[in-house]
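Student: Pasting in a structure now, in structure tokens, and then I'll have a few things to ask.
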Amino acid sequence: MIEELRKIVGDKWVITGEERKLYSFDGFTAVSGEPSVVVLPGNEEEAVEVLRYLFSRKAKVVIRGSGTSLSGATVPLQGEVVVAMTRLNKVYSVEGYEIEVGPGIANAMVTKSAPKDLFYAPDPSSYVVSSIGGNVSHDSGGMRVVKYGPTFNSVLSLKVILTNGEVEEFTPSPFFNPTSIFVGSEGTLGAILRARLKLVPKPKARKTIVGVFQTVGDASRAVVGIFKAGVVPSALEMMDKTSVSIVERSRYKAGLPLAHVLLIELDEDLEESIARVVKVIRDNDGEFFEPEDDAPYWNARKGAFPAMGVVSRAYLTLDCNVPRAKLPLILSKVEEMSRNKGVTIANVFHAGDGNLHPLIPFDPDDKASLRKAIEVGSEITELAISLGGVPSGEHGIGLEKVKFLERYYNATDLEVMERIRKAFDPHGLLNPCKSFLKEKCQPKDEVFRWLWEWD
Amino acid sequence: MGVGLELDKLELDKCVHCGFCLEVCPTYVITRSEVHSPRGRILAVRLGVKSEGLETCVFCRRCEAACPSGVEYGKAISSYRRADATKKLAHRILENPGLLYASLKVYSRSSSPIALRIKEFVKSYQPPLQYKDENAELLLFPGCLNSVVYRSTVEKATNYLRRFYKVEVYNGCCGLPHYAEGEKERALKIAEKLREAFKGKVVVSLSSNCTAHMREMGLDVFDFAEFVVKKNLPLPQREITVTVHDPCHASLVGLNKYTREMLKRMGAKIVEMEDPSFECGAGGTYFIFNPELSRRIAEEKGRKVKATGVENIISTNQACSLALSLHGKVFHVADLL
Ligand SMILES: Cc1cc2nc3c(=O)[nH]c(=O)nc-3n(C[C@H](O)[C@H](O)[C@H](O)COP(=O)(O)OP(=O)(O)OC[C@H]3O[C@@H](n4cnc5c(N)ncnc54)[C@H](O)[C@@H]3O)c2cc1C
Ligand code: SF4
Ligand code: SF4
Numbered sequence: 001m002i003e004e005l006r007k008i009v010g011d012k013w014v015i016t017g018e019e020r021k022l023y024s025f026d027g028f029t030a031v032s033g034e035p036s037v038v039v040l041p042g043n044e045e046e047a048v049e050v051l052r053y054l055f056s057r058k059a060k061v062v063i064r065g066s067g068t069s070l071s072g073a074t075v076p077l078q079g080e081v082v083v084a085m086t087r088l089n090k091v092y093s094v095e096g097y098e099i100e101v102g103p104g105i106a107n108a109m110v111t112k113s114a115p116k117d118l119f120y121a122p123d124p125s126s127y128v129v130s131s132i133g134g135n136v137s138h139d140s141g142g143m144r145v146v147k148y149g150p151t152f153n154s155v156l157s158l159k160v161i162l163t164n165g166e167v168e169e170f171t172p173s174p175f176f177n178p179t180s181i182f183v184g185s186e187g188t189l190g191a192i193l194r195a196r197l198k199l200v201p202k203p204k205a206r207k208t209i210v211g212v213f214q215t216v217g218d219a220s221r222a223v224v225g226i227f228k229a230g231v232v233p234s235a236l237e238m239m240d241k242t243s244v245s246i247v248e249r250s251r252y253k254a255g256l257p258l259a260h261v262l263l264i265e266l267d268e269d270l271e272e273s274i275a276r277v278v279k280v281i282r283d284n285d286g287e288f289f290e291p292e293d294d295a296p297y298w299n300a301r302k303g304a305f306p307a308m309g310v311v312s313r314a315y316l317t318l319d320c321n322v323p324r325a326k327l328p329l330i331l332s333k334v335e336e337m338s339r340n341k342g343v344t345i346a347n348v349f350h351a352g353d354g355n356l357h358p359l360i361p362f363d364p365d366d367k368a369s370l371r372k373a374i375e376v377g378s379e380i381t382e383l384a385i386s387l388g389g390v391p392s393g394e395h396g397i398g399l400e401k402v403k404f405l406e407r408y409y410n411a412t413d414l415e416v417m418e419r420i421r422k423a424f425d426p427h428g429l430l431n432p433c434k435s436f437l438k439e440k441c442q443p444k445d446e447v448f449r450w451l452w453e454w455d
Numbered sequence: 001m002g003v004g005l006e007l008d009k010l011e012l013d014k015c016v017h018c019g020f021c022l023e024v025c026p027t028y029v030i031t032r033s034e035v036h037s038p039r040g041r042i043l044a045v046r047l048g049v050k051s052e053g054l055e056t057c058v059f060c061r062r063c064e065a066a067c068p069s070g071v072e073y074g075k076a077i078s079s080y081r082r083a084d085a086t087k088k089l090a091h092r093i094l095e096n097p098g099l100l101y102a103s104l105k106v107y108s109r110s111s112s113p114i115a116l117r118i119k120e121f122v123k124s125y126q127p128p129l130q131y132k133d134e135n136a137e138l139l140l141f142p143g144c145l146n147s148v149v150y151r152s153t154v155e156k157a158t159n160y161l162r163r164f165y166k167v168e169v170y171n172g173c174c175g176l177p178h179y180a181e182g183e184k185e186r187a188l189k190i191a192e193k194l195r196e197a198f199k200g201k202v203v204v205s206l207s208s209n210c211t212a213h214m215r216e217m218g219l220d221v222f223d224f225a226e227f228v229v230k231k232n233l234p235l236p237q238r239e240i241t242v243t244v245h246d247p248c249h250a251s252l253v254g255l256n257k258y259t260r261e262m263l264k265r266m267g268a269k270i271v272e273m274e275d276p277s278f279e280c281g282a283g284g285t286y287f288i289f290n291p292e293l294s295r296r297i298a299e300e301k302g303r304k305v306k307a308t309g310v311e312n313i314i315s316t317n318q319a320c321s322l323a324l325s326l327h328g329k330v331f332h333v334a335d336l337l
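In structure tokens form, the structure reads like this:
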């Protein structure tokens, strides 16, 4: 098999030795797997040939983008072949408000390749590195979801290869749109070869207001208040005091005050919107400032997860969503849990769409600390679901959140999803053990048991 | 494992595997493979995996600037790289510019692959300038390659500084190639030697990455443009349009702003290229030992330079200047004096 793969992509793009291990996990570092071999096709033709060959041999495959998944969606748990799509990073065309790209292109390059007056709206914090293939497959969000929606709203059509070896180019359609089912499918239905994406006009001006609060309660009530005041910000992020203190110790420090902070970006009706936002901040006992140069603040926000490295070698990033109105309640509960259990929890998240990201540090050499982090994470996620929320707002199910599906969906939902998955992948070749599954895989050790099983 | 290595491993353990460093890394940008990425290199060391990637790192340390977790990649990874005999030989030659001159002469008659590769870049060379005023108070440090490959720059800078100071030219190597390419111990020794030599003198370096490296070794050294700007030395006016390359290490310690300031004071017009600190393709002796990757990095850089439509490129680092000469006319700021 390896010889065949080498023939298609060339010797140096098939990794068989120990270096395979460099593809054994992604942004979710609590577990790791091991690929049998890693292949990096150099272009679309090679990718098609590689995948056709692998599918014809009934080889199990993990498609990988930039490997920044926070739900472990690319971890090869069964010795799969990892096919990394990073080299497929071409821009095929830019026409009007549309751009067609290869799946390996980094999110940031899409706007860079677009006409000066347009931009690609979805902006996960990982935008400098995460790939469009990964963004589509996790239906990634970001700061601007609150106004422009997640990746789903920006994908016009896809070209994919299916496990029967066929290449399909979907045309946009208002009914039975096959593109949409691939958004969020986590590499379980086929491999994305191209994506046609929507660009939107850049606003004439943008303005950032930094709200500064002494309590999480005030900050989260202000979030609710901003929408009640009829303002739809183009981004609305919260960094609690713990996360501010950590970022301010990292290279991404911006000089934020040590408090609970809201970063609010407005991009229309500036004068009126600013006035309303300022009033809401004041009404909730907050202070504010309007930075001349707002880039450092947004960079601090974007670098806030990995800045955790300053205090801990590893951490879990939760991703549950709650209705905005429930933010004050869930944040106060999270604060309580952190206190009672003696676990640090830093909150830095997309407040505008209620997408929480509690960050829970653990010591990778100490299983007990990982277990505790997983338990606290589980409790928070269950709480979010009970408040009418969802287990994952944008990071996906991957291998991390499989157990929450049975809490969120009913048996019929799961049955239907299973049938869809089977229809695309009858032999279970694509990303086994991840995402929606009627039957979970056998845990290979205690960490997987903690992740996959309820006590 | 020695204490040093243990500490370096702990440093690398700070990596949280976020990947923010990938797209700034020149070898990742052209290969798009984890093997040749900072994150991959770090993981290889952590897992004890023997990986080709450790050899292909250009040691530009752009990954450090991008890392939210603050991993001091350069310092830590340098302990895990090993120089083979050829690299060691190259380092010995660089330590002594006189020997470098003699070696280039020998190479010019050879047609070994290494010699051919060197000839692709180094078109001409001269013996290093020996100059010393009595009671010299200022040491001008050209940097090993500058001494023989860009002697006219050294002459210009010497003549200029002589107007204000008593000058001595100190021909030698800063030790960066050693540090970067698996001879960290020897690099530390070189730094000690320089510390002795620099005692009681003002030191001005003509090679920005050397300046940056020496500073990080705790030596008190000015970069040429920095010195001119900070001392407010008089400058001639030049009607010239340039684009500026930011040598990678100099970027990390914030030296490049002085190059721009000096150019502005001279009335030069600057057209910025995209990502000015993107690697030039030379990477110390990298261009000799990793020709294929180096060539592709240089092509990528070339695209960024060409997009400015400007022919004159300013580079204050010798090795970069060699690589950049593929894309236009290269000047050191001192050449404009
Ligand atoms: C520091 C940090 C910050 C982050 N911030 C955000 C954020 O703000 N918002 C957010 O939504 N996410 C965020 N993420 C998560 C992550 O970056 C996203 O999920 C991203 O979309 C993953 O892209 P990737 O290219 O790394 O994909 P990978 O991790 O390589 O893969 C992710 C999934 O996509 C599948 N896949 C990848 N390419 C293809 C393809 N061509 N065809 C089919 N399937 C494919 C894989 O099989 C896998 O299931 C962050 C991650 C990090 C590390
Ligand atoms: S030093 Fe430069 S080449 Fe080496 S890993 Fe860092 S960015 Fe890449
Ligand atoms: S940016 Fe830093 S923490 Fe992130 S992968 Fe690179 S070295 Fe590791």
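Listed in order, the protein sequences are those of chains A and B. Just so we're aligned, residue 1 is where the first sequence starts under the UniProt record's numbering, counting upward by one. Just so we're aligned, residue 1 is where the second sequence starts under the UniProt record's numbering, counting upward by one. We put the CB at the ideal spot given by N, CA and C, even for glycine.
State the start and end residues of the unbroken beta strand (DSSP E) segment that holds P358 of chain A.
Tutor: Unbroken beta strand (DSSP E) run through P358 of chain A: 358-362.
Student: What I want to know is whether the C-beta of R64 of chain A ends up closer than 7 Å to one or more non-hydrogen atoms of ligand 1.
Tutor: The answer is yes for R64 of chain A.
Student: For A84 of chain A, which beta-bridge partners are listed by DSSP?
Tutor: Its beta-bridge partners are A:R64.
Student: Taking 8 Å as the cut-off, decide whether the C-beta atoms of S69 of chain B and P306 of chain A are in contact.
Tutor: Closer than 8 Å, so yes.
Student: Under 7 Å from any heavy atom of ligand 1, does the C-beta of C18 of chain B make it?
Tutor: Indeed, a heavy atom of ligand 1 lies less than 7 Å from the Cβ.
Student: In or out: V106 of chain B buried (at least 16 other Cβ within 10 Å) or exposed?
Tutor: By the 10 Å Cβ count, V106 of chain B comes out exposed.
Student: For ligand 3, is there a heavy atom less than 7 Å away from the beta-carbon of A66 of chain B?
Tutor: For ligand 3, at least one heavy atom lies less than 7 Å from the Cβ of A66 of chain B.
Student: Out of curiosity, what's the CA-to-CA distance linking H249 of chain B and Y150 of chain B?
Tutor: When rounded, the distance between both Cα atoms is 20 Å.
Student: Indicate, with yes or no, if ligand 2 has a heavy atom lying under 7 Å from the CB of T285 of chain B.
Tutor: Because no heavy atom of ligand 2 lies under 7 Å away, the Cβ of T285 of chain B does not count as near it: no.
Student: Quick one: is the Cβ of N32 of chain B within less than 7 Å of any heavy atom of ligand 2?
Tutor: Looking at the sequence provided, one finds Arg at residue 32 of chain B rather than Asn. No, the Cβ of R32 of chain B stays beyond 7 Å of every heavy atom of ligand 2.
Student: Name the residues in the stretch 238-252 of chain A whose C-beta lies less than 9 Å from a C-beta of chain B; which are they?
Tutor: Those would be V247, R249, S250, R251, Y252, in chain order.
Student: By Cβ distance below 8 Å, which residues in the same chain neighbour P150 of chain A in space, the five residues on each side in sequence not counted?
Tutor: Closer than 8 Å at Cβ, skipping near neighbours: P122, D139, S140, G141, G142, E394.
Student: Whose C-beta lies closer than 6 Å to the C-beta of F25 of chain A among residues of the same chain, with five residues either side of it excluded?
Tutor: Counting only Cβ-Cβ distances below 6 Å, and skipping sequence neighbours, we find S32, V75.
Student: Check the Cβ-Cβ distances between E400 of chain A and every residue of chain B, and say whether any is below 8 Å.
Tutor: For E400 of chain A, the answer is no, since every Cβ of chain B falls outside 8 Å of its Cβ.
Student: Closest Cβ-Cβ distance between A44 of chain B and chain A: below 8 Å?
Tutor: Cβ-Cβ to chain A under 8 Å: yes for A44 of chain B.
Student: Where does the unbroken beta strand (DSSP E) through R251 of chain A begin, and where does it stop?
Tutor: Unbroken run through R251 of chain A: none, as it is neither H nor E.
Student: Using the rule of at least 16 other Cβ atoms within 10 Å of the residue's Cβ for burial, across every protein chain shown, is M1 of chain B buried or exposed?
Tutor: Bear in mind that a pLDDT of 47 at M1 of chain B, under 50, signals an unreliable position, so the model cannot answer this.
Student: Between E46 of chain A and ligand 1, is there a pair consisting of the residue's CB and a ligand heavy atom that are separated by less than 7 Å?
Tutor: No, the beta carbon of E46 of chain A sits no closer than 7 Å to any heavy atom of ligand 1.
Student: Would you mind listing the beta strand (DSSP E) stretches within the stretch 115-164 of chain B that are 3+ residues and don't spill past its ends, in chain order?
Tutor: Correct list: 138-141.
Student: Residues of chain A with CB closer than 7 Å to the CB of L22 of chain B, please, in chain order.
Tutor: Within chain A, the residues near L22 of chain B are S66, V129.
Student: Say whether chain B places a C-beta atom closer than 8 Å to the C-beta of R313 of chain A.
Tutor: Answer yes: the Cβ-Cβ gap between R313 of chain A and chain B drops below 8 Å somewhere.
Student: Return the residue from the list A:M308, A:P358, A:V310 that minimises the CA-CA distance to L331 of chain A.
Tutor: The shortest Cα separation from L331 of chain A among A:M308, A:P358, A:V310 belongs to A:P358.
Student: Going by the C-beta, is V58 of chain B closer than 7 Å to any heavy atom of ligand 2?
Tutor: V58 of chain B: yes, Cβ under 7 Å from ligand 2.
Student: Could you pull out every residue in the same chain whose Cβ sits closer than 7 Å to the Cβ of Y115 of chain B, ignoring the five residues on either side in sequence?
Tutor: Just to set this straight, residue 115 of chain B is Ala in the shown sequence, not Tyr. Y107.
Student: How would you label V416 of chain A, buried or exposed, when you count the other beta carbons within 10 angstroms and need 16 or more for buried?
Tutor: Exposed.
Student: Provide the residue(s) that pair with M238 of chain A in DSSP beta bridges, ordered along the chain.
Tutor: According to DSSP, M238 of chain A bridges with A:L262, A:F349.
Student: Alpha carbon to alpha carbon, how far is L145 of chain B from residue 365 of chain B? Give it in angstroms, no decimals.
Tutor: Here chain B covers residues 1 to 337 and nothing more, so residue 365 of chain B does not appear.
Student: In whole angstroms, what separates the C-alpha of S154 of chain A from that of L199 of chain A?
Tutor: If you take the alpha carbons of S154 of chain A and L199 of chain A, they lie about 8 Å apart.
Student: Who are I99 of chain A's beta bridge partners in DSSP?
Tutor: DSSP output for I99 of chain A lists A:V94, A:L197 as bridge partner(s).
Student: Show which residues of chain B have a CB atom less than 7 Å away from the CB atom of P306 of chain A.
Tutor: V16, C18, F20, P68, S69, listed in chain order.
Student: Going along chain C, which residues have a C-beta under 9 Å from L47 of chain B?
Tutor: Checking the listed chains, one finds no chain C in this structure; the protein chains it contains are A and B.
Student: Under 8 Å, do E186 of chain A and G398 of chain A count as touching if we go by C-beta distance?
Tutor: In contact: E186 of chain A and G398 of chain A (Cβ atoms closer than 8 Å).
Student: Name the two residues that bound the continuous beta strand (DSSP E) containing F404 of chain A.
Tutor: That residue, F404 of chain A, is in no beta strand (DSSP E); its alpha helix (DSSP H) goes 402-408.
Student: For E382 of chain A, collect the residues of the same chain with a Cβ closer than 7 Å to its Cβ; drop the 5 residues on either side in sequence, then sort them by chain order.
Tutor: The residues are R407.
Student: Decide if the stretch 216-227 of chain A is in contact with the stretch 287-302 of chain A; the criterion is three or more beta carbon pairs, one per stretch, under 8 Å apart.
Tutor: As far as the Cβ criterion goes, the stretch 216-227 of chain A does not touch the stretch 287-302 of chain A, which means the pair count is below three.
Student: If we ignore side chains and look at the alpha-carbon of each, how far apart do V202 of chain B and P142 of chain B end up?
Tutor: So the alpha carbons of these two residues sit roughly 14 Å apart.
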